[in-house]
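Worksheet: one structure, shown below.
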Amino acid sequence: MSEFRDFIEIAAAPDTVFEYLTTNDGMTAWMGQYAELDPTPGGRFAVVIAGHPVRGEYLHVEPPSRVVVSWGFAGSDDLPAGASTVEFRLTRIDGGTRVDLCHSDLPETEVRGHADGWANFLPRLAIAGAGGDAGPDPWHPLPD
511 MSEFRDFIEI AAAPDTVFEY LTTNDGMTAW MGQYAELDPT PGGRFAVVIA
561 GHPVRGEYLH VEPPSRVVVS WGFAGSDDLP AGASTVEFRL TRIDGGTRVD
611 LCHSDLPETE VRGHADGWAN FLPRLAIAGA GGDAGPDPWH PLPD
């Protein structure tokens with residue numbers, strides 16, 4: 511199994527950014543067209559991204575510094591619902607928040623596609639988290 515790591519800086523306080531990881535409206539402001547979230551340990555994490563149903567659950571919710579969810583795709587044999595783990599660590603910095611992302615337990619065949627997705631979505635989180643409008647999301651998964 512492999513992992514993907516990246517980070518962004520957002521011109522907003524950690525408690526503001528935290529809302530974009532734990533609320534339906536916050537999540538869809540930067541990622542996905544639909545979200546049904548229950549940000550409690552064991553609670554539902556369901557997002558639809560470009561027609562793909564991401565399913566998992568919240569594993570750790572530590573306001574306003576850490577969110578960990580399981581992640582996978584409903585009906586997928588390659589990365590089934592809840593098969594990988596996404597961790598967001600939020601750290602207060604001068605001028606806002608640093609968000610460190612670690613997407614772990616990825617099959618090697620899934621790393622490239624997820625790296626492409628996170629390269630699209632993390633900048634959108636930076637815009638939305640700072641109070642901007644990330645606009646419609648044109649992202650589509652890479653072809654196999």
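According to our numbering, the residues represented by the sequence shown are 511 to 654, in order. Here a beta-carbon is modelled for each residue, glycine too, at the ideal position from N, C-alpha and C. Everything numeric in this text was worked out from a predicted model, so none of it was measured.
Identify the residues that DSSP records as bridge partners of Thr-550: which are they?
-> In the sequence shown, residue 550 corresponds to position 40, counting from 1. DSSP, once it has assigned bridges, lists no residue as partnering Thr-550.
Leaving out five residues before and five after Pro-617 in sequence, what residues of the same chain have Cβ atoms less than 7 Å from its Cβ?
-> Position 107 of the sequence shown, counted from the start, is the residue given in the question as residue 617. Excluding sequence neighbours, Pro-617 sits near Met-511, Asp-588, Leu-589.
How long is the line joining the alpha carbons of Ala-545 and Gly-561, rounded to whole angstroms?
-> Your numbering for residue 545 matches position 35 in the sequence shown. Your numbering for residue 561 matches position 51 in the sequence shown. Taking the CA atoms as reference points, Ala-545 sits about 12 Å from Gly-561.
How would you write the range of the alpha helix (DSSP H) that Thr-601 sits in, first residue to last?
-> Working through the sequence shown from its first residue, we reach residue 601 at position 91. It is not in any alpha helix (DSSP H) - Thr-601 instead sits in the beta strand (DSSP E) that spans 594-603.
May I ask which residues mark the beginning and end of the alpha helix (DSSP H) holding Phe-514?
-> Position 4 of the sequence shown holds residue 514. For Phe-514, there is no enclosing alpha helix (DSSP H); the residue is part of the beta strand (DSSP E) that begins and ends at 512-520.
Proximity to Pro-549 [Cα-Cα], best of Arg-565, Val-558, Val-571, Ile-559 | Walking along the sequence shown from the start, residue 549 turns up at place 39. Ranking the options by Cα distance to Pro-549, first place goes to Val-571.
Alpha helix (DSSP H) segment containing His-613, residue limits = Residue mapping note: residue 613 aligns to position 103 of the sequence shown, counting from 1. Per DSSP, His-613 belongs to no alpha helix (DSSP H); it is in the beta strand (DSSP E), 606-616.
Return the chain-ordered list of same chain residues with a C-beta closer than 6 Å to the C-beta of Ser-614, the five sequence neighbours on each side being excluded.
-> Within the sequence shown, the letter at position 104 stands for residue 614. Taking Ser-614 as the centre and dropping the five residues before and after it, the same chain places the C-beta of Glu-513, Thr-595 closer than 6 Å to its C-beta, in chain order.
Residues near His-624 in its chain [Cβ-Cβ closer than 7 Å; skip 5 each side] | The count along the sequence shown starts at 1 and reaches residue 624 at position 114. Apart from the 5 residues on each side of it in sequence, His-624 sits with its Cβ closer than 7 Å to the Cβ of Phe-514, His-613, Leu-616 in its chain, given in chain order.
So Pro-524 is in the alpha helix (DSSP H); what residue range does that whole segment cover?
-> Locating residue 524 in the sequence shown gives position 14, counting from the first residue. From DSSP, the alpha helix (DSSP H) with Pro-524 extends over 524-532.
From the DSSP output, in three-state form, read off Ala-584 for me.
-> In the sequence shown, residue 584 corresponds to position 74, counting from 1. In the structure shown, Ala-584 sits in coil (DSSP, three-state: anything other than H, G, I, E or B).
Taking the C-alpha atoms as reference points, what is the distance between Ser-580 and Pro-653?
-> For the purposes of this step, residue 580 is identified with residue 70 of the sequence shown, where counting begins at 1. For the purposes of this step, residue 653 is identified with residue 143 of the sequence shown, where counting begins at 1. Cα to Cα, Ser-580 sits roughly 24 Å from Pro-653.
Pick from Gly-552, Leu-600, Ser-575: whose alpha carbon is nearest that of Ile-518?
-> Along the sequence shown, one-based indexing puts residue 518 at 8. By alpha-carbon distance to Ile-518, the top candidate from Gly-552, Leu-600, Ser-575 is Leu-600.
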